[in-house]
Amino acid sequence: MKVVGIIYGDDDGLYDDRPFSNKHAFNAYHTLTRLAPEYDLRIMLVKPEWVTGRTCMRAWDLEQQKIVDSISVDAYWDRNCLVPQDLKAFKKMQAFREKIATNVPFMDDPRIQKITGDKLETYQVFSKFMPLTFTTLVDAKKHLSGKVVLKPQFGAHGIGVRIEELSSVSSLPSGYLVQQFVDSSAGIPGLIEGVSDLRVMILNGSIFDAFLRLPKTGLITNISQGGTMKRISIKSIPIDVLSIVKEVETKLASLGPRFYSIDFMIGVGKPWIIEMNSQPGIRGYMSQGIDLPSFEVLARRILDALVTLCKEDTFKHRTNNEF
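Residue numbers for the sequence shown follow the numbering used here, beginning at 39 and rising by one.
The structure is reproduced here in structure tokens:
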């Protein structure tokens with residue numbers, strides 16, 4: 039039986055006396071753990087600081103409801119959701135990933151994490167699908183006018199994102215980007231009217247789910263900022279969105295098993311990539327009221343990917359000349 043270590047770091051655990059404080063996180067990861075033996079896998083949850091390479095000093099076994107010591111793993115799935123808020127923290131996290139992934143199969147490949155975790159890197163790789171993005175006000179004011187989006191280069195959950203009139207912006211906070219504003223108020227034809235964005239979830243090259251994200255108020259749709267999700271049929275995803283997903287996958291396909299999401303807005307008659315995320319939430323399936331059988335379908339696809347991961351080359355043996 040292969041052992042997969044899920045590297046987990048977030049505000050809800052792991053703790054020495056219990057694995058999670060968030061019941062939705064517990065239910066999601068316990069479901070994975072419960073189903074894993076059917077795939078000849080054993081799932082262990084580990085803190086980043088417990089990882090030393092192929093050996094973890096400690097690990098949480100959710101099935102046995104206890105911490106075990108000194109366990110060897112065959113692969114890692116990185117779910118370290120503590121999002122770095124600046125370049126220094128991001129580089130530190132990337133160095134950790136690359137060190138481990140050099141010797142142990144690792145999902146997602148650190149290069150995917152770099153592309154999705156650094157919004158400037160996302161733009162540099164996929165600029166043809168994204169709103170114009172600048173690192174300085176001087177450059178932004180040469181090319182943009184009216185409303186703009188100010189967002190941290192690093193970070194997630196909509197934290198720190200502001201929409202302002204460019205003419206009223208006198209200075210740019212350190213570590214921020216200026217992005218062209220996409221007016222999504224017309225909605226997505228055939229799906230919804232009004233401000234929204236579309237999250238497409240991709241696992242090993244295939245779209246497995248999609249959600250409309252709606253703001254509580256205003257224009258920020260992030261669930262962490264009070265927004266809500268509405269699940270939609272994959273068949274209803276606009277064809278031009280599917281075309282972009284296909285091109286993104288063409289770039290990432292050589293980098294091993296992967297689980298990520300792309301957030302789109304529809305404006306000016308076309309879809310735009312707004313952000314990418316290499317660690318889309320799975321506990322949200324529980325917190326948003328999606329039924330357990332539906333989550334089990336996702337869990338089984340994740341386990342299939344982890345079986346593949348255990349057979350994969352390590353980071354140092356994967357090649358992608360585009361990056």
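Here a beta-carbon is modelled for each residue, glycine too, at the ideal position from N, C-alpha and C.
Alpha carbon of residue i to alpha carbon of residue j, nearest angstrom
| i | j | result |
| --- | --- | --- |
| residue 150 | residue 317 | 10 Å |
| residue 367 | residue 200 | Outside the shown range of the chain (39 to 361) lies residue 367, about which nothing can therefore be said. |
| residue 42 | residue 159 | 29 Å |
| residue 260 | residue 198 | With a pLDDT of only 49 at residue 260, under 50, the local geometry of the prediction cannot be trusted, and the value read off the model is given with reservation. About 12 Å. |
| residue 313 | residue 169 | 10 Å |
| residue 45 | residue 216 | 33 Å |
| residue 228 | residue 127 | 42 Å |
| residue 343 | residue 183 | 45 Å |
| residue 266 | residue 304 | 18 Å |
| residue 249 | residue 271 | 9 Å |
| residue 191 | residue 124 | 8 Å |
| residue 348 | residue 341 | 11 Å |
| residue 143 | residue 350 | 6 Å |
| residue 291 | residue 131 | 23 Å |
| residue 57 | residue 204 | 45 Å |
| residue 164 | residue 210 | 23 Å |
| residue 92 | residue 66 | 25 Å |
| residue 346 | residue 60 | 29 Å |
| residue 336 | residue 179 | 44 Å |
| residue 73 | residue 64 | 14 Å |
| residue 362 | residue 331 | Given that the chain is displayed from residue 39 to residue 361, the structure contains no residue 362 and the question cannot be resolved. |
8 Å contact criterion, which residue i and residue j should meet: CB distance rounded
| i | j | result |
| --- | --- | --- |
| residue 356 | residue 293 | 6 Å |
| residue 234 | residue 225 | 6 Å |
| residue 135 | residue 112 | So it is not a contact: roughly 17 Å between Cβ atoms. |
| residue 279 | residue 236 | 7 Å |
Beta bridge counterpart(s) of residue i as assigned by DSSP
| i | result |
| --- | --- |
| residue 203 | 185 |
| residue 43 | 82 and 114 |
| residue 247 | 239 |
For residue i, the nearest candidate out of the options (CA to CA)
| i | options | result |
| --- | --- | --- |
| residue 277 | 238, 296, 298 and 289 | 238 |
| residue 353 | 63, 146 and 81 | 146 |
| residue 86 | 178, 137, 274 and 77 | 137 |
| residue 107 | 114, 89 and 118 | 89 |
Cutoff 8 Å: residue i Cβ touching any chain D Cβ
| i | result |
| --- | --- |
| residue 159 | Included in the structure is just one protein chain, with no chain D present. |
*Kindly provide the ranges of any alpha helix (DSSP H) runs that are 4 or more residues long and lie completely inside the stretch 144 to 180, ordered along the chain.*
148 to 155 and 157 to 164
*Ignoring anything shorter than 3 residues or poking outside the stretch 58 to 113, list the beta strand (DSSP E) runs there in chain order.*
79 to 84, 93 to 99 and 104 to 110
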